[in-house]
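So in the UniProt record's numbering, spot 128 of the sequence shown is number 128, and the numbers just go up one at a time. Beneath this line is the structure, given in structure tokens, with notes to follow.
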Amino acid sequence: MQRPHILQVGPYPAWDEEPLNEAFTVHRYFAADDKQAFLAGIGSQVRAIATRGELGANRAMIEACPSLEVVSVYGVGFDAVDLAACRERGVRVTNTPDVLTNDVADLGIAMMLCQSRGMIGAERWVRDGSWAAKGLYPLKRRVWGRRAGVLGLGRIGYEVAKRLAGFGMDIAYSDVAPKDFAPDWEFVADPVALARRSDFLFVTLAASAATRHIVNKDVLAALGEDGMLINISRASNIDEDALLDALETKVLGSAALDVFEGEPKLNPRFLALDNVLLQPHHASGTIETRKAMGKLVRDNLAAHFAGQPLLTPVL
Numbered sequence: 001m002q003r004p005h006i007l008q009v010g011p012y013p014a015w016d017e018e019p020l021n022e023a024f025t026v027h028r029y030f031a032a033d034d035k036q037a038f039l040a041g042i043g044s045q046v047r048a049i050a051t052r053g054e055l056g057a058n059r060a061m062i063e064a065c066p067s068l069e070v071v072s073v074y075g076v077g078f079d080a081v082d083l084a085a086c087r088e089r090g091v092r093v094t095n096t097p098d099v100l101t102n103d104v105a106d107l108g109i110a111m112m113l114c115q116s117r118g119m120i121g122a123e124r125w126v127r128d129g130s131w132a133a134k135g136l137y138p139l140k141r142r143v144w145g146r147r148a149g150v151l152g153l154g155r156i157g158y159e160v161a162k163r164l165a166g167f168g169m170d171i172a173y174s175d176v177a178p179k180d181f182a183p184d185w186e187f188v189a190d191p192v193a194l195a196r197r198s199d200f201l202f203v204t205l206a207a208s209a210a211t212r213h214i215v216n217k218d219v220l221a222a223l224g225e226d227g228m229l230i231n232i233s234r235a236s237n238i239d240e241d242a243l244l245d246a247l248e249t250k251v252l253g254s255a256a257l258d259v260f261e262g263e264p265k266l267n268p269r270f271l272a273l274d275n276v277l278l279q280p281h282h283a284s285g286t287i288e289t290r291k292a293m294g295k296l297v298r299d300n301l302a303a304h305f306a307g308q309p310l311l312t313p314v315l
């Protein structure tokens, strides 16, 4: 039986590439020099798109594949997939939730600790001889016992809050409604009010039109000159220009960021700041999780072509 043709939008690790090649006829969009001509040539054969969360699949790509049946996303975020175009054509969409939840939460906590205690600068202080020449490293701020806000108490937000509880922190959260599974944490509906009562504000929302720039100038001002913003969600949830302005003027104390607009080519203003921790969008970047993500991408594709229910459907 002929193997289904799939369009692979971006590269995967070798441990995913090999089983993908064995199960499907793979067309590597990312390797094509003339991508428009490439799609024009093979688009009619494509029955599935395998993509990554930050790459997605736009309307033009979807429309170039008239036989498309399913888009399988390697990542929890699917905001880069044109869901409206998929609905119009009856195309199913899957993602890879749960398997990356704990690693993302871990990195969020690590970023908070690293930035609050100045660990990057402290290591440099040792390496460049400042410890011997200048003495003790400048004092930083504690984490335990302080106030934390979680903007979006979904899978990842819940795991972040559970970890924060281990530091004896005063925890509150915002979401569309109070959560029955979080009776010990305060529900604050308004993001500005949440920021005002927080020393650390974690952004763990799924990205959508409704959440675009939900962290705006007012939220950042409410978080304040001693506050820290930690983003392990999507870049679009934060107004980056407002964030940069707030960091440069010290309206906001600091930030720890794993995602950026236009990444990996982030705004150069970030590079001039000493009050922001920059990470290369690697919250799910462990060997264990990436293997689980790749398997779930393939398992969703296999289930679809076997006529079985999708494991993690979005649409």
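Idealized CB from N, CA, C, for every residue including glycine.
Quick one: Cα of Ala60 to Cα of Phe30, how far? The count along the sequence shown starts at 1 and reaches residue 60 at position 60. The count along the sequence shown starts at 1 and reaches residue 30 at position 30. Roughly 15 Å between the two C-alpha positions.
Beta-carbon proximity list for Leu28, same chain, < 7 Å, skipping 5 on both sides: The residue given as residue 28 occupies position 28 in the sequence shown. Looking at the sequence shown, residue 28 is not Leu but Arg. Counting only residues of its own chain and dropping the five nearest sequence neighbours on each side, Arg28 has a CB closer than 7 Å to the CB of Gln8.
Can you grab the Cα-Cα spacing for the pair Glu22 / Lys162, in whole Å? One-based indexing of the sequence shown puts residue 22 at position 22. One-based indexing of the sequence shown puts residue 162 at position 162. A straight-line Cα-Cα distance of about 40 Å links Glu22 and Lys162.
Got a sec, what are the start and stop residues for the alpha helix (DSSP H) Tyr158 sits in? Translated into positions along the sequence shown, residue 158 becomes position 158. Where Tyr158 is concerned, the enclosing alpha helix (DSSP H) starts and stops at Arg155 to Ala165.
Considering only their Cβ atoms, is the gap separating Gly168 from Lys140 smaller than 8 Å? As a working note, residue 140 is residue 140 in the sequence shown. As a working note, residue 168 is residue 168 in the sequence shown. Taking 8 Å as the Cβ cut-off, Lys140 and Gly168 do not qualify as a contacting pair.
Of the choices Leu55, Ala50 and Val76, whose alpha-carbon is the least far from that of Val70? For the purposes of this step, residue 70 is identified with residue 70 of the sequence shown, where counting begins at 1. For Val70, the nearest C-alpha among the options comes from Ala50.
Span of the alpha helix (DSSP H) holding Val104? In the sequence shown, counting from the first residue as 1, residue 104 sits at position 104. Thr101 to Ser116 is the extent of the alpha helix (DSSP H) around Val104.
Per-residue DSSP class, three states only, for Leu151: Taking the sequence shown and counting its residues from 1, one reaches residue 151 at position 151. Strand, per DSSP.
Do Ala121 and Val81 have their CB atoms nearer than 8 Å? Mapped onto the sequence shown, residue 121 falls at position 121. Mapped onto the sequence shown, residue 81 falls at position 81. First, the residue type needs correcting, since residue 121 is Gly and not Ala in the sequence shown. For Gly121 and Val81, no; Cβs fall outside 8 Å.
Rounded to whole angstroms, what's the CA-CA distance from Ala209 to Ala133? Just pull it up for me. Mapped onto the sequence shown, residue 209 falls at position 209. Mapped onto the sequence shown, residue 133 falls at position 133. Spanning the alpha carbons of Ala209 and Ala133 requires a straight line of approximately 52 Å.
Quick one: residues in its chain with C-beta nearer than 8 Å to the C-beta of residue 345, no 5 flanking neighbours on either side, listed in chain order? Here the chain covers residues 1 to 315 and nothing more, so residue 345 does not appear.
Do Ser198 and Gly149 have their C-beta atoms closer together than 8 Å? What you label residue 198 is simply residue 198 of the sequence shown in a count that begins at 1. What you label residue 149 is simply residue 149 of the sequence shown in a count that begins at 1. Against a cut-off of 8 Å, the Cβ pair of Gly149 and Ser198 comes out as a contact.
Tell me the rounded alpha-carbon separation between Ala172 and Trp185. Residue mapping note: residue 172 aligns to position 172 of the sequence shown, counting from 1. Residue mapping note: residue 185 aligns to position 185 of the sequence shown, counting from 1. Roughly 5 Å separates the two Cα atoms.
Under the three-state DSSP convention, the category Ser254 falls into: Numbered from its first residue, the sequence shown carries residue 254 at position 254. It is a strand residue.
Taking only three categories from DSSP, how would you classify Arg92? Residue mapping note: residue 92 aligns to position 92 of the sequence shown, counting from 1. Residue state, collapsed to three classes: strand.
Which listed residue (Arg47, Asp175, Ala283 and Val99) has its alpha carbon closest to that of Asp106: As a working mapping, residue 106 is identified with position 106 in the sequence shown. The candidate whose alpha carbon is nearest that of Asp106 is Ala283.
Could you check which residue in Ala292, Glu240 and Thr25 has the C-alpha nearest to that of Pro268? The sequence position of residue 268 within the sequence shown is 268, counting from 1. Measuring from the Cα of Pro268, the nearest candidate turns out to be Glu240.
Counted within 10 angstroms of its Cβ, other Cβ atoms place Arg196 as buried (16 or more) or exposed: Residue mapping note: residue 196 aligns to position 196 of the sequence shown, counting from 1. The residue in question, Arg196, is buried, as its Cβ has 16 or more Cβ neighbours within 10 Å.
CB contact below 8 Å: Trp144 versus chain D: Going by chain labels, chain D is absent from the structure shown, which holds only one protein chain.
If Ala207 sits next to Asp98, beta carbons under 8 Å apart, how far is it from one beta carbon to the other, in whole angstroms? Against the sequence shown, residue 207 aligns to sequence position 207. Against the sequence shown, residue 98 aligns to sequence position 98. Rounded, the Cβ-Cβ distance is 18 Å, inconsistent with contact.
Glu17 to Ala182 span [Cα, whole Å]: Translated into the one-based positions of the sequence shown, residue 17 becomes position 17. Translated into the one-based positions of the sequence shown, residue 182 becomes position 182. Approximately 40 Å between the Cα atoms of the pair.
Buried or exposed: Leu301, going by 16 or more other Cβ atoms within 10 Å of its Cβ? One-based indexing of the sequence shown puts residue 301 at position 301. With 16 or more Cβ atoms within 10 Å of its Cβ, Leu301 is classed as buried.
Can you pull the DSSP bridge partners for Asn231? Here residue 231 refers to the residue found at position 231 of the sequence shown. DSSP, once it has assigned bridges, lists Val203 and Leu257 as partnering Asn231.
Please report the distance separating the alpha-carbon of Gly227 from that of Cys86. The count along the sequence shown starts at 1 and reaches residue 227 at position 227. The count along the sequence shown starts at 1 and reaches residue 86 at position 86. About 40 Å.
Assuming contact is defined by CB atoms lying nearer than 8 Å, are Ile230 and Ala256 in contact in what I supplied? Within the sequence shown, the letter at position 230 stands for residue 230. Within the sequence shown, the letter at position 256 stands for residue 256. Contact: yes.
Using a Cβ-Cβ cutoff of less than 6 Å, which residues in the same chain neighbour Ala40 once the five nearest sequence positions on both sides are dropped? Taking the first residue of the sequence shown as position 1, residue 40 is located at position 40. In the same chain as Ala40, and ignoring 5 residues on each side of it, no C-beta atom comes closer than 6 Å to its own.
Among Val143, Leu315, Gly75 and Pro178, whose alpha-carbon lies nearest the alpha-carbon of Arg234? Numbered from 1 along the sequence shown, position 234 holds the residue referred to as residue 234. Of Val143, Leu315, Gly75 and Pro178, the residue nearest in Cα terms is Gly75.
Close-in-space but distant-in-sequence residues of the same chain around Leu278 (CB under 7 Å, 5 per side omitted): Taking the sequence shown and counting its residues from 1, one reaches residue 278 at position 278. Here the set comprises Leu257 and Phe270.
Simplified DSSP state of Phe78, which is helix, strand or coil: If you number the sequence shown from 1, residue 78 lands on position 78. Of the three classes helix, strand and coil, the one that applies to Phe78 here is coil, per DSSP.
Going by CA-CA distance only, name the one from Leu151, Ile6 and Val203 that's closest to Val73. Within the sequence shown, the letter at position 73 stands for residue 73. Among Leu151, Ile6 and Val203, the Cα nearest to that of Val73 is on Ile6.
Since Leu151 contacts Leu205 with CB under 8 Å, what's their CB separation in whole angstroms? Numbered from its first residue, the sequence shown carries residue 151 at position 151. Numbered from its first residue, the sequence shown carries residue 205 at position 205. About 6 Å separates the Cβ atoms of Leu151 and Leu205, confirming a contact at the 8 Å cut-off.
Please list, in chain order, all residues of the same chain as Val251 whose beta carbon is under 8 Å from its beta carbon, the five residues on each side excluded. Here residue 251 refers to the residue found at position 251 of the sequence shown. Here the set comprises Leu220, Ala221, Gly224, Glu225 and Asp245.
The alpha helix (DSSP H) spanning Val126 covers which residue range? Translated into positions along the sequence shown, residue 126 becomes position 126. Residues Met119 to Arg127.
From Ser174 to Asp180, what does the alpha carbon distance come to, in whole angstroms? Against the sequence shown, residue 174 aligns to sequence position 174. Against the sequence shown, residue 180 aligns to sequence position 180. Using only the alpha carbons, I get a separation of about 13 Å.
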